[in-house]
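Asks: Pasting in a structure now, in structure tokens, and then I'll have a few things to ask.
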Amino acid sequence: MKEVAPGIFVESSLAPYNLMLIRTEKGGVLVDLPPNPVHALDWVERARGILGQLRCVIITDARRERQFGTVMGSLGEESALEGTSALKGTSALKGTGEVPIVATIATRRVMQTYDEERPRRELLDDLARSFPDAVAALDVPLPRKPSIAFDDTVTLYAPDRVLQLRAVAGAATGSLWILVRGEGILISGDTVVADAVPPLDITPDSKAWLNTMTLLSHQHDVTEIIPGRGQALIAVGEIEPQREFMRVMRRAARTLARKGRSSLGLVQTAQELGQTFYNRHGQKAVKQIKAGLENLVGEVARMEAAEPGSSGE
Numbered sequence: 090m091k092e093v094a095p096g097i098f099v100e101s102s103l104a105p106y107n108l109m110l111i112r113t114e115k116g117g118v119l120v121d122l123p124p125n126p127v128h129a130l131d132w133v134e135r136a137r138g139i140l141g142q143l144r145c146v147i148i149t150d151a152r153r154e155r156q157f158g159t160v161m162g163s164l165g166e167e168s169a170l171e172g173t174s175a176l177k178g179t180s181a182l183k184g185t186g187e188v189p190i191v192a193t194i195a196t197r198r199v200m201q202t203y204d205e206e207r208p209r210r211e212l213l214d215d216l217a218r219s220f221p222d223a224v225a226a227l228d229v230p231l232p233r234k235p236s237i238a239f240d241d242t243v244t245l246y247a248p249d250r251v252l253q254l255r256a257v258a259g260a261a262t263g264s265l266w267i268l269v270r271g272e273g274i275l276i277s278g279d280t281v282v283a284d285a286v287p288p289l290d291i292t293p294d295s296k297a298w299l300n301t302m303t304l305l306s307h308q309h310d311v312t313e314i315i316p317g318r319g320q321a322l323i324a325v326g327e328i329e330p331q332r333e334f335m336r337v338m339r340r341a342a343r344t345l346a347r348k349g350r351s352s353l354g355l356v357q358t359a360q361e362l363g364q365t366f367y368n369r370h371g372q373k374a375v376k377q378i379k380a381g382l383e384n385l386v387g388e389v390a391r392m393e394a395a396e397p398g399s400s401g402e
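No gaps in the numbering here: position 63 of the sequence shown is 152 in my numbering, and each next residue is one more.
Structure representation (structure tokens):
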């Protein structure tokens with residue numbers, strides 16, 4: 090674990106994404122949980138040892154692996170926070186010894202689908218394939234829905250630190266980022282990754298994600314970023330290689346879509362892009378790029394079906 094700023098810690102050893110701990114005078118804040126529910130439980134206990142009382146857990150998007158980590162804990166009652174809200178030690182955060190989860194309303198909507206039989210069964214099957222030992226040890230292996238959900242921004246206040254959460258278009262449905270106000274630090278979730286392939290495999294809108302990256306490059310109150318994957322801390326100017334890679338991926342997807350989707354074309358393009366951008370990561374990067382291309386080609390097809398000629402930059 091690395092302390093990248095006073096009271097802000099990044100753990101990169103529990104793949105596949107970075108985990109954060111934030112110390113405040115109102116209690117510790119966790120950002121994301123390991124996907125393995127057993128590891129998540131250990132991580133929460135470790136966080137208590139470092140930070141003491143925990144104020145909340147923030148989930149940075151609705152990617153299924155991030156949902157898996159929430160299986161390990163019980164949460165308080167659900168509440169929805171529309172628009173911009175301030176949480177100043179309210180009862181929702183005090184709870185009854187429980188650690189509430191904070192996420193976007195979009196993330197909670199995804200998790201609410203598990204109230205239905207088919208989505209619930211698909212989730213449990215996926216969880217059992219990924220972490221069979223953990224599932225066997227759980228009484229009710231279902232993710233816990235966010236206790237606090239918002240659709241625009243929400244702010245967590247403490248005497249020594251202010252965290253502003255903002256819903257953004259990013260790598261997955263329900264993406265958010267966290268601005269540590271007045272300290273120049275942004276916790277980006279998978280919206281920004283460093284020395285890692287951007288996870289484009291389930292991105293709902295790659296153009297909107299690129300627009301978010303452009304917005305971030307003009308955030309004058311941000312000087313450093315804690316990425317969702319890869320390096321623990323980067324300067325805001327270091328996001329340009331990711332923006333260029335995403336632009337190239339979108340162009341490649343449009344070319345593949347025009348030629349007609351073929352397994353051979355996807356593999357060749359993924360190999361070429363892997364060698365150009367992520368050569369040192371080898372075939373792991375190629376596999377991730379191929380998955381991203383498959384999703385982006387599908388995105389192009391959907392856009393063309395809805396509005397012919399709409400798949401440009």
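Ideal Cβ placement from N, Cα and C applies to all residues, glycine included. Note that the structure is a prediction, hence the values are computed from the model and not measured.
In angstroms with no decimal places, state the Cα-to-Cα distance between Pro126 and Val257.
Replies: Here the question's residue 126 lines up with position 37 in the sequence shown. Here the question's residue 257 lines up with position 168 in the sequence shown. If I take the Cα positions, the gap works out to 26 Å.
Asks: According to the Cβ coordinates, are Thr149 and Asp279 closer than 8 Å?
Replies: Taking the sequence shown and counting its residues from 1, one reaches residue 149 at position 60. Taking the sequence shown and counting its residues from 1, one reaches residue 279 at position 190. For Thr149 and Asp279, yes; Cβs fall inside 8 Å.
Asks: Where does Ser236 land, buried or exposed, given buried means 16+ other C-beta within 10 angstroms?
Replies: Within the sequence shown, the letter at position 147 stands for residue 236. With 16 or more Cβ atoms within 10 Å of its Cβ, Ser236 is classed as buried.
Asks: Please return the same chain residues whose Cβ sits closer than 7 Å to the Cβ of Ser277, not counting the five positions on each side in sequence.
Replies: What you label residue 277 is simply residue 188 of the sequence shown in a count that begins at 1. These residues qualify, in order along the chain: Trp266, Ile314, Ile315, Pro316 and Gly317.
Asks: Are Leu382 and Thr344 touching if we call contact CB-CB under 8 Å?
Replies: As a position in the sequence shown, residue 382 is number 293, starting the count at 1. As a position in the sequence shown, residue 344 is number 255, starting the count at 1. Contact flag unset, no.
Asks: Alpha carbon to alpha carbon, how far is Gly184 from Pro123?
Replies: For the purposes of this step, residue 184 is taken as the residue at position 95 of the sequence shown. For the purposes of this step, residue 123 is taken as the residue at position 34 of the sequence shown. Residue confidence for Gly184 is low, a pLDDT of 34 falling below 50, so the modelled location carries little weight; the figure read from the coordinates is stated next. For Gly184 and Pro123, the distance between alpha carbons rounds to 23 Å.
Asks: May I ask you to list the residues that DSSP assigns as paired with Val98?
Replies: One-based indexing of the sequence shown puts residue 98 at position 9. Checking the displayed sequence, the identity of residue 98 turns out to be Phe instead of Val. Bridge partners of Phe98: Glu92 and Leu110.
Asks: Considering only residues of the segment 324-357, which uninterrupted beta strand (DSSP E) runs meet the minimum length of 3 residues and lie entirely inside it, listed in chain order?
Replies: Runs found: none.
Asks: Using a Cβ-Cβ cut-off of 8 Å (strictly less than) and excluding sequence neighbours within five positions of Val199, which residues of its own chain qualify?
Replies: Locating residue 199 in the sequence shown gives position 110, where the first residue counts as 1. These residues qualify, in order along the chain: Ala151, Gln156, Thr262 and Gly263.
Asks: Using CA atoms only, rank isn't needed, just tell me which of Glu154, Gln320, Ala247 and Gln201 is closest to Phe98.
Replies: To locate residue 98, count along the sequence shown from 1; it is residue 9. Nearest option by C-alpha distance: Gln320.
Asks: Can you tell me whether DSSP reads Pro230 as helix, strand or coil?
Replies: Taking the sequence shown and counting its residues from 1, the one referred to as residue 230 is at position 141. Pro230: coil per DSSP, three-state reduction.
Asks: At 3 residues or longer, what runs of the beta strand (DSSP E) sit wholly inside the segment 248-312?
Replies: Correct list: 250-256, 265-269 and 274-283.
Asks: So which of Gly387, Ala247, Asp241 and Pro248 has the shortest CA-CA distance to Leu254?
Replies: Taking the sequence shown and counting its residues from 1, one reaches residue 254 at position 165. The shortest Cα separation from Leu254 among Gly387, Ala247, Asp241 and Pro248 belongs to Asp241.
Asks: Does the Cβ of Arg207 have 16 or more other Cβ atoms within 10 Å, making it buried, or fewer, making it exposed?
Replies: Counted from its first residue, the sequence shown places residue 207 at position 118. Classification of Arg207: exposed, given that the 10 Å Cβ count is below 16.
Asks: Measuring only the C-alpha atoms, how far is Arg332 from Ala380?
Replies: On the sequence shown, residue 332 is found 243 positions in, with the first residue counted as 1. On the sequence shown, residue 380 is found 291 positions in, with the first residue counted as 1. About 18 Å.
Asks: Helix or strand or just coil, what does DSSP make of Ala321?
Replies: Reading the sequence shown from its first residue, position 232 is the one you call residue 321. It is coil, neither helix nor strand.
Asks: With distances taken from CA atoms, which of Arg218, Phe239 and Pro189 is nearest Ala195?
Replies: Reading the sequence shown from its first residue, position 106 is the one you call residue 195. Closest option to Ala195, Cα to Cα, is Phe239.
Asks: My output table needs one value for Tyr203: the three-state DSSP class, helix, strand or coil.
Replies: Counting from one through the sequence shown, the residue named residue 203 turns up at place 114. In this structure, Tyr203 counts as helix in the three-state DSSP scheme.
Asks: By the three-class DSSP mapping on this structure, what secondary structure does Gly178 have?
Replies: Taking the first residue of the sequence shown as position 1, residue 178 is located at position 89. The predicted position of Gly178 is uncertain, since its pLDDT is 36 and thus under 50; no value can be drawn from it.
Asks: Determine the contact status of Phe84 and Pro288, defining contact as a CB-CB distance below 8 Å.
Replies: Beyond the ends of the chain as shown, which are 90 and 402, falls residue 84; an answer cannot be given.
Asks: Under a Cβ-count criterion, where at least 16 other Cβ atoms within 10 Å of its own Cβ denotes burial, should Gln142 be classed as buried or exposed?
Replies: Looking up residue 142 in the sequence shown gives position 53. With fewer than 16 other Cβ atoms within 10 Å, it is exposed.
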